[in-house]
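Anchor point for the sequence shown: position 18 equals 19 in this note's numbering, and the numbering is continuous, going up by one each time. Even glycine gets a Cβ: it sits at the ideal position worked out from N, Cα and C. Notes follow once the structure below has been shown.
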Amino acid sequence: RAKASGKGRHTVFEPAMHAALLDRVELEAELRDALRREELTVSYQPIVELATGRVTGFEALARWTHARRGIVPPGVFVPLAEETGAILPLGRWVLARACSEAVRWRADAPDAPPVGVSVNVSGRQVEDPSFVDDLRAVLTATGLEPSSLTLEITESVIMRDSETTLRFLREVKSLGVRVAIDDFGTGYSSLAYLQRFPVDVLKIDKAFVDQVAQGGNDAAIARTIVSLAETLGLRTVAEGIERPDQHAGLRLLGCQLGQGFHYARPLGAHDAAAFLRQRRGGEGVAEETTLRR
Ligand code: C2E
Ligand code: MG
Ligand code: MG
Ligand code: MG
């Protein structure tokens, strides 16, 4: 921990903090190389219809396996990439990857209902003037039907600057791409804003899913989000469903879609395709999956 030292007010770093700083500087440099070194991958977590167990799509989640450090969690490298700007090339790469994967799911079963893909988009990308051109280029290059793509933007980013956000949303929507508000309920949405923003989906944050079957405040918030979504004509996805009671509770509240370890962990591309083939074979709801990654 840093201490201010008396008069001069120098900051005195203890060795552990010095090491942590060095580590961070190193990590920043390594993140810039990670793409080139092919250390990044994308995992796909199924999103299922609560009433039927049908897989309607997957959320693409970036993964970094560092040659020496091993797995660096997204909670560490995503904020770092946002600070340094590396999130722009990283985000473009994830988007392109996810869209090609979704085209492959479609090609696997051309007559089955389309399976969508959701991609997280950071605040930096929302502010990036070339984002929409890049998006258009990726859609053209991959041939993905725009309505099969959903961009996830966190509630706090959406609420940051309404003019930039509105312009971004209008451009994205004009391409036919969908938009979800991620981690909904954790920010401070103004209802007036929400009504103005052309979004399609609210993702109920895991925080309100945890205790949903126990009733109480979390369940009340989840119920409020679902009825708000109904009023605005939006779909709801509950995040972080881990247990059958949460699945049942959310289904009862009228939440349409869910995502969580109860159905499947984020899966490598190969396992995601296998999961989809298995579910398309007409299996019912939510036996614990044997595919864990
Ligand atoms: P998120 O977009 O809210 O993604 C959901 C997170 O919840 C994922 O964590 C997922 O693995 C985790 N999760 C899913 N089901 C469960 C569950 O049942 N229990 C628990 N405990 N966790 C569950 P992950 O993959 O570690 O990603 C964390 C965050 O990093 C994401 O939160 C997202 O904000 C960010 N992120 C990941 N990939 C990308 C990316 O490509 N671009 C950007 N901008 N952000 C990304
Ligand atoms: Mg997300
Ligand atoms: Mg989320
Ligand atoms: Mg979340």
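Check: residue i C-beta below 7 Å from any heavy atom of ligand 3
i	result
Glu-29	no
Glu-240	yes
Asp-201	no
Asp-272	no
Asp-211	no
Lys-174	no
Heavy atom of ligand 2 within 7 Å of residue i beta-carbon
i	result
Asn-218	no
Glu-83	no
Glu-15	no
Glu-153	yes
Asp-319	The structure shown has nothing for residue 319, since the chain only spans 2 to 294.
Glu-156	no
Glu-50	no
Glu-60	yes
Spatial neighbours of residue i in its chain, beta-carbon cut-off 8 Å, leaving aside the 5 residues before and after
i	result
Thr-291	Its pLDDT being 41, under 50, Thr-291 is placed unreliably in this model, and the value from its coordinates should be taken loosely. No residues qualify anywhere along the chain.
Gly-86	Arg-125
Arg-38	Ala-68
Val-238	Ile-48, Ala-181, Val-202, Leu-203, Lys-204, Ile-205, Cys-256, Gln-257, Leu-258, Gly-259, Gln-260
Ala-249	Ala-214
Residue nearest to residue i in terms of C-alpha spacing, selected from the options
i	options	result
Arg-33	Phe-59, Ala-20, Gly-92	Gly-92
Ala-270	Gly-54, Tyr-45, Gln-215	Tyr-45
Glu-31	Gly-71, Leu-51, Ala-142	Gly-71
Leu-295	Gln-247, Leu-195, Phe-262	Examination of residue 295 is not possible in this model, given that the chain is present from 2 through 294 alone.
Cys-100	Pro-130, Thr-53, Val-178	Val-178
Arg-98	Val-26, Pro-130, Leu-176, Ala-63	Ala-63
Ala-108	Asp-135, Leu-89, Thr-143	Thr-143
Ala-103	Phe-198, Pro-75, Val-56	Val-56
Check: residue i C-beta below 7 Å from any heavy atom of ligand 1
i	result
Lys-207	yes
Gln-257	no
Ser-123	yes
Gly-76	yes
Leu-150	no
Val-79	yes
Gly-269	no
Phe-262	yes
Ile-304	Residue 304 cannot be examined here, being either before or after the span of the chain that is shown, 2 to 294.
Ala-103	no
Contacting residues, own chain, Cβ-Cβ under 6 Å from residue i (five flanking each side not counted)
i	result
Ala-220	Val-213
Thr-166	Ile-159
Asp-246	Ala-214
Gly-188	Glu-156, Ser-157, Met-160
Cβ-based neighbour list, residue i, same chain, cut-off 7 Å, excluding 5 preceding and 5 following
i	result
Cys-35	Going by the sequence as given, residue 35 is Ala instead of Cys. Here the set comprises Leu-41, Trp-65.
Trp-106	Val-116, Ala-274, Leu-277
Lys-207	Glu-240, Gly-241
Ile-222	Gly-186, Phe-209
Leu-254	Ala-223, Arg-224, Val-227
Arg-161	Gly-124
Arg-137	Leu-176
Which runs of the alpha helix (DSSP H), 4 residues or longer, sit entirely within the region 6–88? 16–35, 75–85
Every unbroken alpha helix (DSSP H) within the region 182–254, with a cutoff of 4 residues, ordered by chain: 192–197, 207–210, 217–233, 245–254
What alpha helix (DSSP H) runs, 4 residues minimum, are completely inside the region 127–158? 132–143
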